[in-house]
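Asks: The structure that follows is given in the form of structure tokens.
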Amino acid sequence: MLLGKSARLRFALKGTSDDILFSSHWTAFRNKDDIYLSESSAGGLHKVSLHASGICRYAITSNLASHSPPMPSTDRVISKWRKGDFRGIEHTHVMSLKFVPITRCVPHARSTQKKIHFLPAPPVSGCTEVSVFASETNPNEWDTFYWPRRNILGTWHLSDGSYICFRARTARFPESKKLELAELANSTKLTKMVAGERDPSLMTAGLYSCLISEANANFCTLYSLEGLPSFFMGKTADWSTKTGHIFKP
Numbered sequence: 000m001l002l003g004k005s006a007r008l009r010f011a012l013k014g015t016s017d018d019i020l021f022s023s024h025w026t027a028f029r030n031k032d033d034i035y036l037s038e039s040s041a042g043g044l045h046k047v048s049l050h051a052s053g054i055c056r057y058a059i060t061s062n063l064a065s066h067s068p069p070m071p072s073t074d075r076v077i078s079k080w081r082k083g084d085f086r087g088i089e090h091t092h093v094m095s096l097k098f099v100p101i102t103r104c105v106p107h108a109r110s111t112q113k114k115i116h117f118l119p120a121p122p123v124s125g126c127t128e129v130s131v132f133a134s135e136t137n138p139n140e141w142d143t144f145y146w147p148r149r150n151i152l153g154t155w156h157l158s159d160g161s162y163i164c165f166r167a168r169t170a171r172f173p174e175s176k177k178l179e180l181a182e183l184a185n186s187t188k189l190t191k192m193v194a195g196e197r198d199p200s201l202m203t204a205g206l207y208s209c210l211i212s213e214a215n216a217n218f219c220t221l222y223s224l225e226g227l228p229s230f231f232m233g234k235t236a237d238w239s240t241k242t243g244h245i246f247k248p
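Going by numbering that gives the first Met the number 0, the sequence shown opens with residue 0, and the numbers climb by one from there.
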């Protein structure tokens, strides 16, 4: 089934019931032929932009950049890449969002949306992956071993005739890579911006989620580390954004 131009595609890791999630819920939406992806608990802070021009960005929002203290750089972009073209191929893999559990089964958010795709919790030594493909043909008519049609979350048919498709699956994730990402998150010297739900009971004290991106010329992986132990507790500066999100540096 193809999504309408104004449709919003929401997904999250399913918790123990429909009102408990093991991740923030993410929303993909379309503006003309540009596709955007944002996180519920931090939607006013950062977003992914997949532009019709082929330029793709993971960046801090202008809303966050307008606050004080100033950002370390005037460039809001965290990662930047380009969608691959279709010369000699049917489709190209644009990006992946991988939910990686550090502390497993930590309640993270409540679902208040009527239409949301509940993704399976990651297997032991694995992750839950949402991948975005651009293609010349309709992915709803594909059927491959690795990406069967039943794994499609939603597909947009763009005005130039191409398609953008979101697919989900569980996959293996090396323990060595998980440890590498956790160490990177804990050792960074940049100020951490922790965006939380209004209900403090949804995250155990001392745990938080962390987003880390890796990009090359034509592809980006965004890792969402769920339940990472925090070694930076105790800071008290509170900010509020125009969208109502509350966050702490």
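Don't be surprised by glycine CBs; every beta carbon is placed ideally from N, CA and C.
Could you please give me the residues that DSSP links to K97 through a beta bridge?
Replies: According to DSSP, which records beta bridges pairwise, K97 is partnered with E128 and Y222.
Asks: Between the beta-carbon of H156 and the beta-carbon of R9, is there less than 8 Å?
Replies: Taking 8 Å as the Cβ cut-off, H156 and R9 do not qualify as a contacting pair.
Asks: Where does R86 sit, in a helix, a strand or coil, going by DSSP?
Replies: Three-state result, R86: coil.
Asks: By a C-beta neighbour count over all protein chains shown, 10 Å radius and 16 as the cutoff for buried, is R171 buried or exposed?
Replies: Burial call: exposed.
Asks: Going straight from the alpha carbon of C55 to that of L180, what length do you get?
Replies: Each residue's alpha carbon lies about 23 Å from the other.
Asks: Where does L256 fall in DSSP's three states?
Replies: Residue 256 lies beyond the range of the chain shown here (0 to 248); nothing can be said about it.
Asks: Helix, strand or coil for L201 per DSSP?
Replies: DSSP places L201 in helix when its eight states are reduced to three.
Asks: In the DSSP assignment, find the beta strand (DSSP E) that holds K79 and state where it starts and stops.
Replies: Element bounds for K79: V76 to R81.
Asks: Should the stretch 161-171 be called in touch with the stretch 119-136, which here means at least 3 C-beta pairs below 8 Å?
Replies: Yes: the two stretches touch, three or more of their Cβ pairs being nearer than 8 Å.
Asks: In angstroms with no decimal places, state the Cα-to-Cα distance between L2 and F28.
Replies: Rounded to whole angstroms, L2 to F28 spans 10 Å at the Cα level.
Asks: For my contact list, A51 and K79 are in at a C-beta cut-off of 8 Å; report their separation, rounded to the angstrom.
Replies: Contact doesn't hold; Cβ gap of about 16 Å is too wide.
Asks: Using a 10 Å radius around the Cβ and a threshold of 16 neighbouring Cβ atoms, would you call V129 buried or exposed?
Replies: By the 10 Å Cβ count, V129 comes out buried.
Asks: Is the beta carbon of L227 closer than 8 Å to that of I101?
Replies: Taking 8 Å as the Cβ cut-off, I101 and L227 qualify as a contacting pair.
Asks: List the whole-angstrom C-beta distance separating L210 from Y222, where the pair is believed to meet the contact cut-off of C-beta under 8 Å.
Replies: Indeed they touch by this definition, with Cβ atoms about 7 Å apart.
Asks: For D142, report the span of its beta strand (DSSP E) as first-last.
Replies: Per DSSP, D142 belongs to no beta strand (DSSP E) and is neither H nor E.
Asks: Relative to the alpha-carbon of A214, which residue among S23, F21, S37 and K82 has its alpha-carbon at the smallest distance?
Replies: When each option's Cα is compared against that of A214, the closest is K82.
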